[in-house]
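Q: Numbering follows this note's numbering, with no gaps: position 515 of the sequence shown is 558.
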Amino acid sequence: MTAVATPSAVPAAPVRRAEPRWVRPSLGLLLVATAALYLWELSASGWANAFYSAAAQAGSQSWKALFFGSTDAANGITVDKTPAALWVMSLSARLFGVNAWSILVPQALLGVGSTWLLYATVRRTSGAAAGLLAGAVLTLTPAAALIFRFNNPDALLVLVLIAAAYGTVRAIEKASPRWLVFAGVAIGFGFLAKMLQAFLVLPAFALAYLVAAPIALGKRLLHLLAGLAAVVVSAGWYLAVVALWPVADRPYIGGSQNNSLLELTLGYNGFGRITGDETGSVGGSPGGGWGSTGLFRLFGSEMAGGIAWLLPAAVLALGAGLWFTRYAPRTDRSRASLPLWGGWLIVTAAVFSFMGGIIHPYYTVALAPAIAALVGTAAVQLWRIRTDPAAVGLLSGGVALTTVTSYLLLNSSWQPWLAPAVLVLGLLAAIALFFVQHFGRIAAVLGLVVLLTGTGAYSLATAATPHSGAIPSAGPNTRQMFGGGGLLGTTLPGANLTALLQKSGDHRWAAATVGSNNAAGYQLGSGKPVLAVGGFNGTDPYPTLAQFQQYLRQGQIRYFLGDGMTMRGSRSGSDAAEQIAQWVAENYQMTTVDGVAVYDLTA
44 MTAVATPSAV
54 PAAPVRRAEP
64 RWVRPSLGLL
74 LVATAALYLW
84 ELSASGWANA
94 FYSAAAQAGS
104 QSWKALFFGS
114 TDAANGITVD
124 KTPAALWVMS
134 LSARLFGVNA
144 WSILVPQALL
154 GVGSTWLLYA
164 TVRRTSGAAA
174 GLLAGAVLTL
184 TPAAALIFRF
194 NNPDALLVLV
204 LIAAAYGTVR
214 AIEKASPRWL
224 VFAGVAIGFG
234 FLAKMLQAFL
244 VLPAFALAYL
254 VAAPIALGKR
264 LLHLLAGLAA
274 VVVSAGWYLA
284 VVALWPVADR
294 PYIGGSQNNS
304 LLELTLGYNG
314 FGRITGDETG
324 SVGGSPGGGW
334 GSTGLFRLFG
344 SEMAGGIAWL
354 LPAAVLALGA
364 GLWFTRYAPR
374 TDRSRASLPL
384 WGGWLIVTAA
394 VFSFMGGIIH
404 PYYTVALAPA
414 IAALVGTAAV
424 QLWRIRTDPA
434 AVGLLSGGVA
444 LTTVTSYLLL
454 NSSWQPWLAP
464 AVLVLGLLAA
474 IALFFVQHFG
484 RIAAVLGLVV
494 LLTGTGAYSL
504 ATAATPHSGA
514 IPSAGPNTRQ
524 MFGGGGLLGT
534 TLPGANLTAL
544 LQKSGDHRWA
554 AATVGSNNAA
564 GYQLGSGKPV
574 LAVGGFNGTD
584 PYPTLAQFQQ
594 YLRQGQIRYF
604 LGDGMTMRGS
614 RSGSDAAEQI
624 AQWVAENYQM
634 TTVDGVAVYD
644 LTA
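#1: Report the start-end ranges of each alpha helix (DSSP H) in the segment 442 to 480 that is 4 residues or longer and not cut off at the edges.
#2: Can you find at least 3 beta carbon pairs, one from the segment 95 to 113 and one from the segment 135 to 149, that sit closer than 8 Å?
#3: Please confirm if the segment 244 to 262 is in contact with the segment 374 to 383, defined as three or more CB-CB distances below 8 Å between the two stretches.
#4: Between A283, A98 and V636, which has its C-alpha nearest A563's C-alpha?
#5: Using the C-alpha atoms, what's the distance from L85 back to G528?
#6: Buried or exposed for S135, please, with buried defined as at least 16 other CB atoms from any protein chain shown within 10 angstroms of its CB.
#7: Within the same chain, show all residues whose beta-carbon is closer than 6 Å to that of G490, passing over the 5 residues directly before and after it, in chain order.
#8: Looking at the strands, I want to know which residues DSSP matches up with I600.
#9: From L268 to R67, what distance separates their C-alpha atoms?
#10: Out of N580, T445 and A61, which one is the CA nearest neighbour of V465?
#11: Determine the extent of the beta strand (DSSP E) in which D643 is found, giving its start and end residues.
#12: Taking only runs that begin and end inside the segment 108 to 196, name each unbroken alpha helix (DSSP H) of 4 or more residues, in chain order.
#13: Using 10 angstroms around the beta-carbon of Q424, count the other beta-carbons present and answer buried if the total reaches 16, otherwise exposed.
#14: If I measure Cβ to Cβ from A171 and keep anything under 7 Å in the same chain, skipping five residues before and after, which residues do I get?
#15: Counting only the same chain and skipping the five closest in sequence on each side, list residues whose C-beta sits under 8 Å from that of G330.
#16: Can you check which of these residues, A206, H266 and Y281, is closest to V244 by C-alpha distance?
#17: With H, G and I counted as helix, E and B as strand and the rest as coil, what does DSSP make of A55?
#18: Would you kindly report the start and end of the unbroken beta strand (DSSP E) that includes A575?
#19: Would you check if the distance between the CB atom of V557 and the CB atom of G537 is smaller than 8 Å?
#20: Between which two residues does the alpha helix (DSSP H) harbouring V488 extend?
#21: Give, in chain order, every unbroken run of the alpha helix (DSSP H) that is at least 4 residues long and sits entirely within the segment 274 to 362.
#22: For Y602, which residues from the same chain have a beta carbon less than 8 Å from its beta carbon, with the 5 sequence-adjacent residues on both sides left out?
#23: Give me the Cα-Cα distance between W90 and P515, rounded to the nearest whole angstrom.
#24: May I ask you to list the residues that DSSP assigns as paired with T634?
#25: Does P63 come out as helix, strand or coil in the three-state DSSP assignment?
#26: Can you say whether R64 is buried or exposed, counting buried as having 16 or more other CB atoms within 10 angstroms of its CB?
#27: Given this structure, state the Cα-to-Cα distance separating G227 from R166, to the nearest angstrom.
#28: Report the rounded CA-to-CA distance for G349 versus A186, giving the unit in angstroms.
#29: Excluding sequence positions up to five away, which residues of its chain have a Cβ less than 6 Å from the Cβ of G568?
#30: Looking at the secondary structure, which residues open and close the alpha helix (DSSP H) in which S559 lies?
#31: List the endpoints of the continuous alpha helix (DSSP H) containing N539.
#32: For the segment 620 to 635 against the segment 586 to 606, do three or more pairs of beta-carbon atoms, one drawn from each stretch, fall closer than 8 Å, so that the two count as touching?
#33: Does I230 come out as helix, strand or coil in the three-state DSSP assignment?
#34: Could you tell me the alpha carbon to alpha carbon distance between T634 and W626, rounded to whole angstroms?
#35: In or out: R340 buried (at least 16 other Cβ within 10 Å) or exposed?
#36: Three Cβ pairs or more, each shorter than 8 Å: is that satisfied between the segment 383 to 398 and the segment 197 to 216?
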């Protein structure tokens, strides 16, 4: 964002100058601090999301399991996502052994890389100071502090989307189709991490290039077609390989009802997330069964703590940028960054706010780069033109808005002194900035402290809190949804059951059990493949009862673990897992080992 002093003034693109001496040391300090925050006591979360940890274990033992993202090394069924994030974890586990460190450290390094790459992207349009502030905001976003210390696919998704933003910025500078293709490849790789969610940034990036690239409109459109082709190829090759691979020679595609990755992409993990019509889901319903939908959903109790701290300030920053660059030339780089980051924020926030299907609080980490870039850019650019009364008013208003937001989010039993302290400090900072000509740099320091105190404190609390289970959320002493026990929980087996599984003999699977999370605990504890009957939710039609019985005739499964209950309830999807559990309970004798029902399928 470049300010204009008069309506007739025309802002110019930032001029490249030699960086001040303080830039590199400041960047180094930021990256070291980011690494410390994300790596500190990382092993406290153990296996974190055991579902993905077990798949990484499988990938460390079998190249086929690595390629397909199988939940077990015997390649029975895959996770319910495309497997790029698992490739990173599995390769790390192959190099350093299967343990919590080897699985979680790559996520932390992805976080450090995201901070550096966001700095590099914002610096190209708004300068080093804006890039450093944007990087700091990203690092201190609680949802980021959660995900970059956890092993869900979102960590890789954030990194590659920022890489795509960097490629788009470089492409806009000189109308470079090569950089636009790079951006398309990065978005395609994001699809391999978390499927259609990666495509939410496409409208923003395309608009930014269409508006600002310094060439004729026809060539801009042709370049965008090349970028789109790069997206299709980099995402579609994997879909094609899986579709063409002989079905009998690959694992079942988890999360689908027809053993189809395309179905998974468009249905359960695609448009079903928007409409709520997700066959096989464990909960939710059309019209908001996964929480109240609406304009203020991101400020609700489930999501606000992870992302809402600077969200109002980011919206204000976007408006300020559009106003102050209203007379800028079409190709102005500062103005070009506004549709890129603003479009990213608006489209993604709108989808998250109104989608009726499965959504979890940690998804909001995808908003963090856009919020950080807008806040970092606006704060620095408005400070540079602080002689303009409008700029001073926006700076003061942004700090006041952030103060109120932080106060509301902090006003709880956790650290009860912090909320009033932030409120008082924030109001002082807002006043100081309003009279910036009298308070100078003191006002700037106070403003920065207020911007980062609330979100920073919550991020530190997030990092200090162990997180596990399928649905983690940011903050101190957070509720771990489905963290242990039940179909979506994971409990490691006791010593006796572990020994039993390890001595299961030469079988393809040491055991079978309903649900991938149950299977993950037994597999991680014993190191033996465990078949996840019914996939993640226990609602996939794999294996069918006939297939399961065929596996038994072939001697491929030694034990069945569970009490015959599948917790199916009113969920949609296949009832194959329920049939198998009941058939086993009716035909085999049950014993109890470490509190777990065990059926010896060879007896």
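Ideal placement from N, C-alpha and C gives every residue a C-beta, glycine not left out. Quantities reported herein were computed from a predicted structural model and do not represent experimental measurements.
A: In short, the structure shows the following:
#1: 461 to 477
#2: yes
#3: yes
#4: A98
#5: Confidence at G528 is low in this model, with a pLDDT of 46, below 50, so the placement of that residue is unreliable and no value is reported for it.
#6: buried
#7: V442, A472 and L476
#8: W552
#9: 37 Å
#10: T445
#11: V639 to D643
#12: 127 to 139, 143 to 169, 171 to 182 and 185 to 190
#13: buried
#14: E62 and V66
#15: Confidence is the limiting factor: at G330 the pLDDT is only 41, short of 50, which leaves the residue's position unreliable and the question unanswerable from this model.
#16: A206
#17: Reliability of the predicted coordinates at A55 is poor, the pLDDT of 44 falling under 50, and no value is obtained from them.
#18: V573 to V576
#19: no
#20: R484 to A506
#21: 304 to 309, 315 to 318 and 347 to 350
#22: L543, L544, S547, A553, A554, A555, V641, Y642, D643 and L644
#23: 13 Å
#24: V641
#25: coil
#26: exposed
#27: 21 Å
#28: 4 Å
#29: L535, P536 and T541
#30: S559 to S569
#31: A538 to Q545
#32: yes
#33: helix
#34: 16 Å
#35: buried
#36: yes
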